[in-house]
RNA sequence: GCGCUCGUAGCUCAACGGACUAGAGCAUCUGAUUACGGAUCAGAAGGUUGGGGGUUCGAAUCCCUCCGAGCGCACCA
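Numbering (the numbering used here), first residue to last: 515 to 1087.
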């Protein structure tokens, strides 16, 4: 389907072109009319003509082909009201062709989507949840649009920490370590290693030597490193399955994967004349970045000791995504504190000529999850909150909520529903807030069946499906005509037709909360419709079938929209 | 100190440079409805969009400045 705003814009364009070639009508959804074009105001300013007069002239010459009526309002707005017949027939046609909830990109991209990025031998905590959930939703939406998405789970599997982690592995024995890691007690493992590193000088010394052995490619050291990586990956995978995200083991391409490209990064930066030695380290000083003292701030590509840091692997990964994978969109779903680092990486890559025209690299930054005290969410005892613990609690709470309801579930159904609802609630709460903002985590609110929540939307969907169960059919009769005679029908139909517009905005801003807002609006509009327009007791057969189309289209939109957020909507709950 | 982000109703959040009434949800209050799954509906109350300037026909949105919060600022990643 084509979105209505684009369609109206195309109809208005000739009239705008006649005034000034290439002028943009700027058609938008308006709260007081179906759509509003305010392009005449900007155009009038540019041409120095009275806006109202210009708007009148455009309105007089425009041909809307009977699809809408136009009216000049205020200082020069062009208010567009769609014809009821047009809304009804568009909805019916799109519904019949199964094209109501379809979106098509005009140009397709190959997108490198970097998200999740947990650290090997370290627990996943709430901070990883946001990146994982947002990234997963964006992956789904991009694919839905027809873009090719190459997911890179840039796990932290390299660096000086691994000296101490491998030594600790040796100390406690691989069998013990493997069982400790596989039950998900990564924090205990990491903390024990850290503890020894800080208080046991002999251990610290062994650790430092071990780093050298690791970076030198010593086979036995690499084998032990691999044990840590593999055990952690298995653990991550379990968390991803619980979280119901599409990340797969083959998406894991960690920092270590770029080791063989790091020398070339340094050489090429040197050839480009960007490399500067400073205090023994090899640095690039991109323009516009300064430190505390106001001096130029370096991106340290190679450390004084000759080792590479994460700047080098980030640069190598960026090149790999452009040069080897052939991506023209690079999205990094990474926390807001990394903003400066990523900007510097992008700046250096551009200066080095590694980012051709038409290639866009973006930091999709996100804020923190806060506790009731408005500080970073922690467990009750003040420790970092393990992601699994949070997810399991969500499932437990959903189970209790289900038990409190007046409905009977089989034990398997109860288990499955609790997982679907609980995890969905957490994900929706996360996705429905603008991603740059910190948000306050609140169990009560996110699991509530009232308000802007995952369970509310899932329930809205299940309730509509139940209409058809009661009817004993799967859907409306084929070829049913749609009428929007009642204002509630009209509003709902129009809202349903705006699916692609909403998805377009979601992608344009890489902001899943826009899709959330749309779906919540759909659910609310539906309730108003359902309250005022009897469906099963409709006055006549034709009205009933028309309303059934609206019901089914709403349920489909909710189900699809939620699935694009990574949330499953069960048919009954 | 410099930089980035945020500051909107009691609380949690929306709002793409567009309006004459800045929207939802929760909580509060008033009515209606014994309901096609009550996640009901109608309505009320609640805001000088942190303060102050500026640009504009028009600013929560853009610019400047101040205040407050969070984060980053050379060899951890």
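Here a beta-carbon is modelled for each residue, glycine too, at the ideal position from N, C-alpha and C.
This one's a predicted model, so the numbers in the text were calculated from it and none came from an experiment.
Taking just the CA atoms, how far does residue j sit from residue i?
{"i": "residue 624", "j": "residue 656", "result": "10 Å"}
{"i": "residue 583", "j": "residue 594", "result": "6 Å"}
{"i": "residue 763", "j": "residue 915", "result": "34 Å"}
{"i": "residue 896", "j": "residue 701", "result": "14 Å"}
{"i": "residue 705", "j": "residue 678", "result": "11 Å"}
{"i": "residue 559", "j": "residue 553", "result": "10 Å"}
{"i": "residue 749", "j": "residue 695", "result": "8 Å"}
{"i": "residue 790", "j": "residue 798", "result": "6 Å"}
{"i": "residue 530", "j": "residue 524", "result": "10 Å"}
{"i": "residue 743", "j": "residue 687", "result": "16 Å"}
{"i": "residue 543", "j": "residue 549", "result": "4 Å"}
{"i": "residue 647", "j": "residue 579", "result": "44 Å"}
{"i": "residue 845", "j": "residue 809", "result": "30 Å"}
{"i": "residue 1092", "j": "residue 739", "result": "Outside the displayed range of the chain (515 to 1087) lies residue 1092, so it cannot be described from this structure."}
{"i": "residue 1053", "j": "residue 547", "result": "29 Å"}
{"i": "residue 864", "j": "residue 847", "result": "20 Å"}
{"i": "residue 956", "j": "residue 886", "result": "7 Å"}
{"i": "residue 771", "j": "residue 840", "result": "17 Å"}
{"i": "residue 1007", "j": "residue 959", "result": "30 Å"}
{"i": "residue 564", "j": "residue 905", "result": "59 Å"}
So, using beta-carbon positions, are residue i and residue j closer together than 9 Å?
{"i": "residue 938", "j": "residue 913", "result": "no"}
{"i": "residue 1030", "j": "residue 945", "result": "yes"}
{"i": "residue 698", "j": "residue 752", "result": "yes"}
{"i": "residue 669", "j": "residue 633", "result": "yes"}
{"i": "residue 651", "j": "residue 969", "result": "no"}
{"i": "residue 883", "j": "residue 952", "result": "yes"}
{"i": "residue 1090", "j": "residue 776", "result": "The structure shown does not extend to residue 1090, since the chain spans only 515 to 1087, so no value can be given for it."}
{"i": "residue 555", "j": "residue 569", "result": "yes"}
{"i": "residue 682", "j": "residue 899", "result": "no"}
{"i": "residue 1072", "j": "residue 1033", "result": "yes"}
{"i": "residue 818", "j": "residue 1077", "result": "no"}
{"i": "residue 605", "j": "residue 998", "result": "yes"}
{"i": "residue 826", "j": "residue 767", "result": "no"}
{"i": "residue 577", "j": "residue 528", "result": "yes"}
{"i": "residue 1039", "j": "residue 1005", "result": "yes"}
{"i": "residue 990", "j": "residue 902", "result": "no"}
{"i": "residue 803", "j": "residue 849", "result": "no"}
{"i": "residue 911", "j": "residue 961", "result": "yes"}
{"i": "residue 873", "j": "residue 843", "result": "yes"}
{"i": "residue 1086", "j": "residue 979", "result": "yes"}
{"i": "residue 1011", "j": "residue 601", "result": "yes"}
Quick one: give me the first and last residue of the beta strand (DSSP E) that residue i is part of.
{"i": "residue 797", "result": "795 to 798"}
{"i": "residue 978", "result": "It is not in any beta strand (DSSP E) - residue 978 instead sits in the alpha helix (DSSP H) that spans 968 to 985."}
{"i": "residue 792", "result": "789 to 792"}
{"i": "residue 614", "result": "First-last for residue 614: undefined, no H or E at that position."}
{"i": "residue 815", "result": "813 to 816"}
{"i": "residue 627", "result": "624 to 628"}
Look up residue i in the DSSP assignment and give the residues it is bridged to.
{"i": "residue 670", "result": "633"}
{"i": "residue 594", "result": "549, 584"}
{"i": "residue 710", "result": "DSSP lists no partner for residue 710."}
{"i": "residue 754", "result": "Note: residue 754 sits in no beta bridge, so no partner."}
{"i": "residue 849", "result": "880"}
{"i": "residue 639", "result": "900"}
{"i": "residue 541", "result": "551"}
{"i": "residue 804", "result": "810"}
{"i": "residue 1125", "result": "The structure shown does not extend to residue 1125, since the chain is modelled only from 515 through 1087, so no value can be given for it."}
{"i": "residue 822", "result": "816"}
Take the Cβ of residue i as the centre, count every other Cβ of all protein chains shown within 10 Å, and call the residue buried at 16 or more, exposed below.
{"i": "residue 1009", "result": "buried"}
{"i": "residue 690", "result": "exposed"}
{"i": "residue 765", "result": "buried"}
{"i": "residue 876", "result": "exposed"}
{"i": "residue 729", "result": "buried"}
{"i": "residue 984", "result": "exposed"}
Looking at the secondary structure, which residues open and close the alpha helix (DSSP H) in which residue i lies?
{"i": "residue 1061", "result": "1055 to 1078"}
{"i": "residue 839", "result": "No alpha helix (DSSP H) holds residue 839; DSSP gives it neither H nor E."}
{"i": "residue 661", "result": "Where residue 661 is concerned, there is no enclosing alpha helix (DSSP H), given that its DSSP letter is neither H nor E."}
{"i": "residue 527", "result": "518 to 533"}
{"i": "residue 940", "result": "925 to 945"}
{"i": "residue 921", "result": "Taken as a continuous stretch (DSSP letters only), residue 921 belongs to no alpha helix (DSSP H), as it is neither H nor E."}
{"i": "residue 1017", "result": "1013 to 1022"}
{"i": "residue 675", "result": "675 to 686"}
{"i": "residue 1030", "result": "1026 to 1046"}
{"i": "residue 961", "result": "957 to 961"}
{"i": "residue 721", "result": "715 to 729"}
Taking 8 Å as the cut-off, does the CB of residue i come closer than this to any heavy atom belonging to the ligand MG?
{"i": "residue 860", "result": "Summarising the ligand content, the structure contains no ligands, and the ligand MG is consequently not present."}
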